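A.B. asks: Numbering (UniProt numbering), first residue to last: 1 to 184.
1. Hey, quick one: how far does the alpha helix (DSSP H) through residue 125 stretch, first residue to last?
2. Where does the unbroken alpha helix (DSSP H) through residue 147 begin, and where does it stop?
3. Using three-state DSSP, classify residue 70 as helix, strand or coil.
4. Does the distance from the CB of residue 171 to the CB of residue 101 come in under 8 Å?
5. Which two residues bound the contiguous alpha helix (DSSP H) that contains residue 112?
6. Between residue 115 and residue 158, what straight-line distance do the alpha-carbon atoms span, to the nearest angstrom?
7. Classify residue 135 as helix, strand or coil using the three-state DSSP reduction.
8. Below 6 Å CB to CB, which residues in the same chain sit around residue 162 once its five sequence neighbours on both sides are set aside?
9. Less than 8 Å between the beta carbons of residue 139 and residue 99, yes or no?
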């Protein structure tokens, strides 16, 4: 059963990840279609390894949440405030393979972006995606992230070197498109 409600949108809820949720998240992260695009999980991960990774995130200030639809977990999203002095963080998300292409990542990321800019008062968010991961790029672009750069041949997908595409979004840019007139 997913944990406490953190944020809610029209279709998705973002909830804390509880110990009983770890197996579902680990299954997604170990799925071939998901793992191929995530550097941290290039190799199969045991439950213990994932629990240690999750615990490290809590102590580092990472916001790591379960994306739920009708109470059922469909993915996870994380926000890492990388440099609170300069006010920037990194956004990442994963949708379980059975739940892709339903707009859940976009809605969940929109909630986290608003939280980052209004509650945490971050100035800038970054996101990245491997070039073949067009779905993640589409999510970031839909939310107004600007393509800022490309790291050439930085990862291997299906035996081929691929580029990594970096995106950024400033609070003022988000405020212009979100209707937040005071720039958060």
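The C-beta atom is built at its ideal place from N, Cα and C for all residues, glycine as well.
Computed from a predicted model, the values in this text were never measured in an experiment.
C.D. replies: On the basis of the coordinates in this document:
1. Here residue 125 belongs to no alpha helix (DSSP H); instead the beta strand (DSSP E) covers 124-130.
2. Run containing residue 147: none in the alpha helix (DSSP H); it sits in the beta strand (DSSP E), 146-157.
3. coil
4. no
5. 104-118
6. 36 Å
7. helix
8. 130, 131, 132, 155
9. no
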